[in-house]
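Step one of this worksheet: look at the structure below.
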Amino acid sequence: MNPSEHTNGHLGTAAPSGRALILVVERDPHIRELEAYFLDEAGYAVEFVGDGASALDMARALLPHIVITEILVPKLDGLALCRAIKEDPALRETAVLIFSILAAERRATEAGADAFLMKPLAERRLVETVRGLVAMRAARTRP
Amino acid sequence: MTADLYPRIRTGNPQADDVLGGGFPSNSINIVMGQPGTGKTIFAEQLMFANTHGERPLLFITTLSEPLTKAVSYVQRFRFFDDNKLGDQIQYHDLGEALAADGPGAVVPWLTTVIKASGPKIIVIDSFRAIHDLASSAPRMRLMVSDLAGLLSAYDVTTFLLGEYTIGDIERYPEFAVGDGIVALARHPLSSRDERFFRVIKLRGSAYLEGQHAFRITDRGLELYPRLVSPLIPETYEPLLERVRTGVTGLDAMMGGGLWSGSTTLVAGPTGAGKTTVALQFALEGVRRGEPTLYVNFQENPAQLRRAIDALGMRADEAIARGLILRYESPVELQIDSIIVGIFERIRGGDVRRVVVDAIGDLAMAANDPQRLHDYLYALVQHFAVNHVTSMLTFESESGATTSAELEHRFSNMSDNVIVLGLGGEERSRRTLRVLKTRNSGHDPMVRELDIAEGGARIV
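Chains E and X are the protein sequences, given in the same order. Take the first sequence: its position 121, counting from 1, is numbered 125 in the working numbering, and each next residue is one higher. Take the second sequence: its position 10, counting from 1, is numbered 70 in the working numbering, and each next residue is one higher.
Dropping the structure here:
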């Protein structure tokens, strides 16, 4: 599926390139670099932010298709960020992927996350999960 | 947290996997250390060829200690080598040029590029220690290693850093602090050959078998013999209250009706006293009763032993066909680890009921560490007991030194029964047998005459 197929205003803000936008909340520089590379290769636009509170502000401003967040991020942890996104009507179509060093799938599900992946980063698993979330979101919002 | 979250990387050697608790945890950083010639590169290459399943490549990266061409050319001599796996599945790279140009600072950017380009499952860097020689300062090297650990932990890759490290380097070099696993290979020269040992020093978050495990390098790669440890005695374990016939006429009567099943009997005596005859009769009695019997022997070669069996009233071929397993090991090439582990593997197979080791003194001579031999034999005897295997160990005592104190000191404490053979009379032509000790059984303590004639030994 071409990621740019799902980028109209209702379904999330497209990046200037027309690609689906992913907001990544991550502090580890190596994870950031590799996520940026592999998601870009897969056809997505990626924005990074280093803490949960800033991520919530950016999400409200950018309306990304997907937020990928570590749980262990400052100011607002990834699970609290997930709950805040799910409670915000403006972000109801934004999918959340918890991508963490913690084995916390159950807690992620309870927080309303749409998917959970455990680190380390495996590009195929990451990209396939992101594709699945984009497809799921598109199906959910199709008129 | 489940084991599935951390699958294991197998080494290509099942025994090494046993020592490592199943293999190296995936996504770990491991250091394989040892002096030149200890087998580090072979170990790593064997591991790589055993892990080519899946679509992601495995990278062997040389630095400055060995040219890439050498690493590739030597591996072809091993059976695990498969040239079909080179290229797509196993890729050899040379980091040396980038290091020569930019020093240790080249490592992380270079590897980041490689990870982005090929998404490797395993990375081997040989030699990582050599990179230290290019470092302008220890702090810079420490920062590089920290950055490298960050990269290798962020990505789903299992890493092996090989190096000619010494034990003292563990406290000196930063890679040991970030390493999840440390494995040391060592080589100790003996009089006419070398002994090699494999030791796990650290394996974070995983149980492993401690201690030194002997290994050999063959055309199959590393062949490892895990150190034998005493079995956990199951709570449900109960000795079998059955008597096992010795096959020596009159001896069972001296020992309360025979040996207890699962017991170990030490038969000691000087040369010519009849130890091998008694031990062979014990083995053949097992064969007659349909009990598979393992006979491990270090002195008589197979032809000599066959003649000795023929003289005891059963043809050797028939004995073998009926369950006698003969294992001959030259005392010159004797390596106690392989012998003991070989016996243990047979026992673990489940069908052997009797074992003879003739003679444990040969094992003692082959062992450079008497305590190690003692520990091995003790563990083996415990495995015999738990598996209801009745065993006989022969021991050649020096003439005139067959004292209970000597035997007690050396091997009798691990034996349930001790039988002492002697030579007396004029020109030491009269053979004697005395039961010195039986555990949980009464016995005849008198010195009895042992007659050896056609058909074997018997108590007169």
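Where is the CB? At the ideal position from N, CA and C, for every residue including glycine.
The alpha-carbon separation between Pro-96 of chain X and Ile-183 of chain X amounts to approximately 20 Å. Membership of Glu-389 of chain X in any beta strand (DSSP E) is not indicated, and neither H nor E is assigned to it by DSSP. The segment 271-289 of chain X and the segment 474-483 of chain X do not touch, with fewer than three beta-carbon pairs separated by less than 8 Å. Taking 8 Å as the cut-off, the beta carbon of Glu-37 of chain E is found closer than this to the beta carbon of Thr-172 of chain X. Here Phe-103 of chain E is not near Ile-70 of chain E, since their CB atoms are 8 Å or more apart. CA-to-CA, the gap between Glu-74 of chain E and Ala-115 of chain E works out to about 13 Å. The Cβ atoms of Gln-341 of chain X and Gly-482 of chain X do not sit closer than 8 Å to each other. The segment 26-40 of chain E makes contact with the segment 48-62 of chain E; the number of CB pairs closer than 8 Å reaches 3 or more. Thr-353 of chain X and Leu-453 of chain X have their alpha carbons spaced roughly 13 Å apart. Taking a Cβ-Cβ threshold of 7 Å, the residues of chain E close to Leu-211 of chain X are His-34, in chain order.
DSSP places Tyr-66 of chain X outside both helix and strand once states are collapsed to three, so it counts as coil. Put simply, the backbone Cα of Arg-305 of chain X is about 17 Å away from that of Arg-382 of chain X. Residue-level contact by beta carbon holds for Gly-179 of chain X and chain E, with a gap shorter than 8 Å. Per DSSP, the unbroken alpha helix (DSSP H) holding Gln-75 of chain X starts and ends at 74-79.
Residues are counted here when their Cβ sits less than 8 Å from a Cβ of chain E; for the segment 155-183 of chain X these are Thr-172, Ile-175, Lys-176, Gly-179, given in chain order.
Here Glu-456 of chain X carries a strand assignment [DSSP, helix/strand/coil]. In the structure shown, Ala-274 of chain X adopts extended strand secondary structure according to DSSP, grouped into three states. In the three-state scheme derived from DSSP, where H, G and I count as helix and E and B as strand, Phe-471 of chain X is classed as coil.
Taking 8 Å as the CB threshold, Pro-124 of chain E lines the interface with chain X.
Within a 10 Å sphere around the beta-carbon of Gln-395 of chain X sit 16 or more other beta-carbons, which makes this residue buried. By a beta-carbon distance limit of 8 Å, Thr-98 of chain X contacts Arg-247 of chain X. Their separation comes to about 5 Å. The beta carbon of Asn-87 of chain X falls within 8 Å of a beta carbon belonging to chain E, placing the residue at that interface.
Chain-order list of chain E residues neighbouring Asp-216 of chain X: Pro-124, Leu-125, Ala-126, by C-beta distance under 7 Å.
With respect to chain X, the C-beta atom of Leu-38 of chain E has a partner C-beta closer than 8 Å. Contact between the segment 186-195 of chain X and the segment 142-153 of chain X is absent, with fewer than three C-beta pairs closer than 8 Å. In this structure, Ala-190 of chain X sits near Leu-124 of chain X, with a CB-CB distance shorter than 8 Å. According to the DSSP assignment, Leu-222 of chain X belongs to the beta strand (DSSP E) that extends over 218-223.
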